[in-house]
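See below for the structure under consideration.
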Amino acid sequence: MDLHRRHTLEVEVEVFIERLGLAEKRKSHTAYFTVINLNAKQLKDPIKTGLYVDEGDQESMRLLVKAQKRWAFQAEQNSVHDVPPLPMTSNL
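Residue 0 in our numbering sits at position 4 of the sequence shown, and the numbers go up by one each step.
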């Protein structure tokens, strides 16, 4: 397991708009936040609980797969930035 993942948790937040006086709600947007677990000294602290997803619950499985794909995409994006910088010339 990636050490970074032991200290972080992704949270999905959905925002809905509701008109006063009407029973109608509609989804406005969805956001994803990464929360870092810190101890009292503000140091990263491992998250001690696991994640249980019932394989029979297709909606939960779909959300898990989407989260895994977002995580893999972010890890790939971070590795792109691991390219060493080009040497700079002082002859400008």
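All residues carry an ideal CB built from backbone N, CA and C; glycine is no exception.
As the structure is a prediction and not an experimental result, all values here were calculated from the model.
task = Please go through the segment 21 to 54 and give each complete alpha helix (DSSP H) segment of 4 or more residues, from N-terminal end onward.
result = Fully enclosed alpha helix (DSSP H) runs of 4 or longer: not present.
ask   = From what residue to what residue does the beta strand (DSSP E) around Leu82 run?
value = Following the DSSP letters along the chain, one finds Leu82 in no beta strand (DSSP E), marked with neither H nor E.
query = Does the beta carbon of Ala63 sit closer than 9 Å to a beta carbon anywhere in chain B?
reply = Structure shown: chain B not included; a single protein chain is present.
key: Endpoints, beta strand (DSSP E) assigned at Leu16   = Leu16 -> no beta strand (DSSP E), and no H or E assigned at all.
task = Taking Asn33 and Leu5 to be in contact with their CB atoms under 8 Å, please state how far apart those CB atoms are, rounded to whole angstroms.
result = About 7 Å separates the beta carbon of Asn33 from that of Leu5, a gap short enough to meet the 8 Å contact definition.
inquiry  = Only counting the same chain, and skipping five residues up and downstream in sequence, which positions put a Cβ closer than 8 Å to that of Asp112?
reply    = With the chain covering -3 to 88 only, the question about residue 112 has no answer from this structure.
task = Find out if the Cβ-Cβ distance for the pair Glu10, Thr26 is shorter than 9 Å.
result = In this structure, Thr26 lies closer than 9 Å to Glu10 by Cβ.
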